[in-house]
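As numbered in the working numbering, the sequence shown has no gaps in its residue numbers, which increase by one up to the final residue, 206.
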Amino acid sequence: MVEIYKIGTLTAIVTILTFLGTITNIIYTRKNLKTSKFIEVITLERIKWLDIIRIESSTLITWISGSIEIYKKEEERIELENPSQAKINQISFEYQQNYYNPLTNLAFVDEQNKWSKNDLIRNLHLFKLRLNPIEDKEIIAILDFFIKLYSEEKVTKEKINLAEKHTITLTLKIQTLLKNEWEKVKKEVKGNNFFNL
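As structure tokens, this is what we get:
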């Protein structure tokens, strides 16, 4: 009878340990599943965000570049209406060099996608809201420059030149931002093997 009691106790202990092991495994698996699902959702949202940043930054930089060209053409028009003697000599020389090449580059006009300064300012603000104010300070500062530029009534030649430089810098900074964020996505995916990479 003592042996049956020992076997019964041993069976009960093994059953309890198995039960505890199963409960622990269920809790651990559930926690990992929740964590994995959370990271998967964050990763997918980050990928969507990257696409939005890529599309919006491309559109904004195109609009900014086009507006800079408009400012330059306006500056040229003003100089042609009130030319200095040096400008008259330069135009005469350019005309002789390009006798059969008339000036055909008119102001930036896209009939299908008309936009205004207010549209551009609104989109610059919207783009700023998509950025991290701590990590993306330099991009935000450049966007603030353009918001201020398009809010002004008159734009100087120096600001146009500075805007051209800022456009190049903005492009490079956004490329870096996109690359860094994509590296984060790759790490998240590799760390969780969502897509068996």
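Beta carbons: idealized from backbone N, C-alpha and C, even for Gly.
Given residue i, which residues of its chain have a CB within under 8 Å of its CB, disregarding the five upstream and five downstream residues?
{"i": "W191", "result": "L59"}
{"i": "S81", "result": "For clarity, residue 81 is Lys in the given sequence; the question names Ser instead. Answer for K81: I169, listed in chain order."}
{"i": "I151", "result": "H175, T178, L179 and K182"}
{"i": "R55", "result": "E190, K193, V194 and E197"}
{"i": "K216", "result": "With the chain covering only 10 through 206, there is no way to say anything about residue 216."}
Helix, strand or coil, according to DSSP, for residue i in the structure here?
{"i": "L112", "result": "In this predicted model, L112 has a pLDDT of only 34, less than 50, meaning its place in the structure is not dependable enough to derive any value."}
{"i": "N91", "result": "coil"}
{"i": "E144", "result": "coil"}
{"i": "I25", "result": "helix"}
Once the 5 residues before and after residue i are set aside, which same chain residues still bring their CB inside 6 Å of it?
{"i": "I156", "result": "I130 and L133"}
{"i": "Q184", "result": "none"}
{"i": "T27", "result": "none"}
{"i": "S66", "result": "I183"}
Going by beta carbon distance, what residues of the same chain come within less than 7 Å of residue i, once the five residues before and after it are set aside?
{"i": "I70", "result": "T176, L179 and T180"}
{"i": "F154", "result": "H175"}
{"i": "L187", "result": "L59, I62 and R63"}
{"i": "L140", "result": "I148 and I149"}
At the level of alpha carbons, what is the spacing between residue i and residue j?
{"i": "S76", "j": "S160", "result": "13 Å"}
{"i": "I148", "j": "F47", "result": "29 Å"}
{"i": "A21", "j": "K43", "result": "33 Å"}
{"i": "K199", "j": "N41", "result": "15 Å"}
{"i": "P92", "j": "E144", "result": "47 Å"}
{"i": "E90", "j": "E84", "result": "10 Å"}
{"i": "N34", "j": "I25", "result": "14 Å"}
{"i": "L158", "j": "I36", "result": "57 Å"}
{"i": "V164", "j": "I51", "result": "43 Å"}
{"i": "I16", "j": "I32", "result": "24 Å"}
{"i": "L29", "j": "K57", "result": "42 Å"}
{"i": "P88", "j": "K137", "result": "Residue identity check: residue 88 is Glu in the sequence provided, not Pro. Rounded to whole angstroms, E88 to K137 spans 35 Å at the Cα level."}
{"i": "A172", "j": "E78", "result": "11 Å"}
Would you say residue i faces chain D, with C-beta separation under 7 Å as the test?
{"i": "I177", "result": "The question asks about chain D, but that chain is absent: this structure has only one protein chain."}
**Item:** Any beta strand (DSSP E) of 3 or more consecutive residues that is wholly inside the segment 126 to 203
**Value:** none
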